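Take the sequence shown: its letter number 321 is residue 303 in this note's numbering, and every next letter is one higher.
Cβ atoms here follow ideal geometry from the backbone N, Cα and C, with glycine treated the same way.
Computed from a predicted model, the values in this text were never measured in an experiment.
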Amino acid sequence: MAEIPGSWKASEEHLAKANAVIEATKASGNLYRHGLGMIASENIVSPMVQKVVCSDLHGRYAEGLPGKRYYQGCDDFDTIESIGIDLAKKVFSAEFANIQSISGTVSNIAALKALAKPGDKITAVSTADGGHISHARMGAVGLRDLDLSTYPWDIDRMEPDVDGSCKLIREIKPKVCLIGQSVFLFPTPLKEIAAAAHEVGAQVMYDGAHVLGLIAGGQFQDPLREGADIMTGSSHKTFPGPQGGFLLSSTTDEKMQRQLNNAIFPGTCSSYHLHHVAGKVVALAEFEEYGESYARDIVQNARALGESLAAEGFDVLAEGRNYTASHQVLTRHGDVDSGAGATAAQLLEDAGIITNMNMLPGDTKALKPSGLRLGVQELTRVGMGKNEMAEVARLFAKVLIEHQDPDKIKLQVKQLKSSFQTIRYCFNDDNQSGYVL
Ligand SMILES: Cc1ncc(COP(=O)(O)O)c(C=O)c1O
């Protein structure tokens, strides 16, 4: 038996498991503290967000909406959620906001529940072209038993082929036109697609999971003013909050607003992780203050990274469109279905650079893709700029082109990262480091 501070005793074996979790958590924190986090769907949260996420709220319930609860003890949380709904409407310029969803996927399931019935038709971007699994039969679209058709894709422009997509919509007359991708380099030509959708009575659902922070910061596109009826998204990718989701709409129709709220509770959530909701609200307040410059710096950095990687000799996609207009950059490392993306991602991880392999146009095997998808939102958040993007591209070249020893490069990565430990674009706090161990 092991002595634990206080009067508790525990078996060594059981305690060892909990300690293993603590140690692995610290190690994971250190990986990102000393390395370069470049996964396009990730971010780090501010010290004030950390504070509320690690609060007593994590164990509480508040089913319903502010002022209409099924539990006692919710008055303080009502204050938090009310501030959050108002802020979300303002930050995303929306008429309706529900901030309860526990993820982008849950937001999508809820939106599809509100907008369509089983058997209805839906159009979306295929997963091969960068659509998310929740847009596919294997995900939320299948869960709702919707009849899916995918848009034709313009490989050069890396966006839905506008004429072909409008033709498809006019032909099949779907109930929902779903727009947005996980591989999201450029704004979607939404006005044209939304016009075709509305002509046939379809609702336009825009999945902004990846680009929500860029949209809110005015640096990507403005879906709710370009024809989207509903916008869903994650609260933790380019929008720098804790993990969770948003459900937003331009509708002023109270019946539809009720349907959207009901699709979250009781539709898809019971408890909805109050500590994360509080974290989202703090992140919204910080975003109101700093979001525009954060979003602008992200897009500038992504473009700079694309240019620097191309200058180092990498095959960066969409050269003809200056590589990107979002937080993402795509690189090709070998032939279609060669698995070269997986090899590159592993070598980079060995050097302390965390990325993910990704299918590129032409790839058919998700575990043997030819490319990498890179995101700069986390590096931007700790203060990196264009010069550092050039340094990052140099490190990539050392590992993947010059085949230098990843262990040696890891030291250079650590050296570079040591000057970028302070989280920016957020309110000051006594512990300003973004890396919690
Ligand atoms: C386009 C898109 N939608 C939805 C999601 C799901 O978001 P979450 O991980 O918050 O469920 C993702 C995740 O990366 C995504 O890329």
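At a threshold of 8 Å, does residue i count as lining ligand 1 (C-beta to nearest heavy atom)?
{"i": "PHE421", "result": "Because the chain spans -17 through 419 in this model, residue 421 falls outside it and cannot be assessed."}
{"i": "LYS95", "result": "no"}
{"i": "VAL374", "result": "no"}
{"i": "VAL88", "result": "yes"}
{"i": "ALA191", "result": "yes"}
{"i": "HIS255", "result": "no"}
{"i": "THR214", "result": "yes"}
{"i": "HIS114", "result": "yes"}
{"i": "GLY227", "result": "yes"}
{"i": "GLY344", "result": "no"}
{"i": "GLY162", "result": "yes"}
{"i": "SER108", "result": "no"}
{"i": "LYS50", "result": "no"}
{"i": "SER23", "result": "yes"}
{"i": "LEU149", "result": "The sequence shown places Lys at residue 149, rather than the Leu named in the question. Checking the Cβ of LYS149 against ligand 1 gives no."}
{"i": "SER308", "result": "no"}
{"i": "HIS315", "result": "no"}
{"i": "HIS117", "result": "yes"}
{"i": "LYS(-1)", "result": "no"}
{"i": "LYS427", "result": "The structure shown does not extend to residue 427, since the chain is modelled only from -17 to 419, so the question has no answer here."}
{"i": "HIS218", "result": "yes"}
{"i": "SER85", "result": "yes"}
Please report the residue range of the alpha helix (DSSP H) in which residue i lies.
{"i": "ALA372", "result": "368 to 382"}
{"i": "THR87", "result": "86 to 97"}
{"i": "THR61", "result": "57 to 73"}
{"i": "LYS392", "result": "388 to 400"}
{"i": "ILE4", "result": "-6 to 16"}
{"i": "LYS33", "result": "29 to 35"}
Excluding the 5 residues preceding and the 5 following residue i in the sequence, name in chain order all residues of the same chain whose CB lies nearer than 6 Å to its CB.
{"i": "VAL281", "result": "GLN201"}
{"i": "ARG207", "result": "none"}
{"i": "ASP111", "result": "TRP135"}
{"i": "CYS56", "result": "ALA44"}
{"i": "ARG42", "result": "LEU256"}
{"i": "SER23", "result": "LYS219"}
{"i": "GLY113", "result": "ALA106, VAL107, GLN163"}
{"i": "PRO420", "result": "Nothing in the structure corresponds to residue 420, since the chain is present only between -17 and 419."}
{"i": "SER83", "result": "SER89, GLY227, LEU229, ILE246"}
Does the beta-carbon distance from residue i to residue j come in below 9 Å?
{"i": "LYS155", "j": "LYS71", "result": "no"}
{"i": "ASP297", "j": "GLY367", "result": "no"}
{"i": "GLY215", "j": "GLY183", "result": "no"}
{"i": "LYS219", "j": "LEU256", "result": "no"}
{"i": "GLU77", "j": "SER231", "result": "yes"}
{"i": "PHE228", "j": "GLU45", "result": "no"}
{"i": "TYR188", "j": "GLY146", "result": "no"}
{"i": "ALA379", "j": "GLY295", "result": "yes"}
{"i": "CYS148", "j": "VAL186", "result": "no"}
{"i": "LEU130", "j": "PRO100", "result": "no"}
{"i": "LYS173", "j": "SER217", "result": "no"}
{"i": "SER401", "j": "HIS16", "result": "no"}
{"i": "GLY223", "j": "VAL31", "result": "yes"}
{"i": "SER308", "j": "TYR407", "result": "no"}
{"i": "ILE65", "j": "ALA265", "result": "no"}
{"i": "ALA179", "j": "ILE151", "result": "yes"}
{"i": "ALA300", "j": "LEU167", "result": "yes"}
{"i": "VAL395", "j": "LEU329", "result": "no"}
{"i": "HIS117", "j": "ASN90", "result": "yes"}
{"i": "ASP387", "j": "ASP345", "result": "no"}
{"i": "ILE21", "j": "GLY357", "result": "yes"}
If I measure Cβ to Cβ from residue i and keep anything under 7 Å in the same chain, skipping five residues before and after, which residues do I get?
{"i": "LEU47", "result": "ASN243"}
{"i": "ASP60", "result": "PRO48, GLY49"}
{"i": "SER252", "result": "GLU45"}
Give every residue of the same chain whose Cβ lies closer than 8 Å to the Cβ of residue i, excluding the five residues on either side of it in the sequence, and list them in chain order.
{"i": "ALA198", "result": "VAL73, PHE74, PHE221, PHE269, GLY273, ALA277"}
{"i": "ASN340", "result": "VAL165, LEU312, GLY323, PRO351, GLY353, LEU354, ARG355"}
{"i": "LEU196", "result": "PHE202, THR220, ALA277, ILE280, VAL281, SER308, HIS309"}
{"i": "LYS95", "result": "ARG126, ALA245, GLY249, THR250"}
For residue i, report the span of its beta strand (DSSP E) as first-last.
{"i": "PHE296", "result": "Here PHE296 belongs to no beta strand (DSSP E), and DSSP marks it neither H nor E."}
{"i": "MET213", "result": "212 to 216"}
{"i": "PHE78", "result": "78 to 80"}
{"i": "LYS219", "result": "That residue, LYS219, is in no beta strand (DSSP E); it is neither H nor E in DSSP."}
{"i": "THR109", "result": "Taken as a continuous stretch (DSSP letters only), THR109 belongs to no beta strand (DSSP E), as it is neither H nor E."}
Segments assigned beta strand (DSSP E), at least 3 residues, entirely inside the region 225 to 259: Here the runs fully enclosed are 227 to 231.
Residue ranges of each alpha helix (DSSP H) run of no fewer than 4 residues wholly in the region 112 to 200, ordered along the chain? Runs found: 122 to 125, 144 to 154, 172 to 181, 194 to 198.
Uninterrupted beta strand (DSSP E) stretches inside the region 307 to 364 (no shorter than 3 residues): Runs found: 310 to 314, 338 to 340, 353 to 357.
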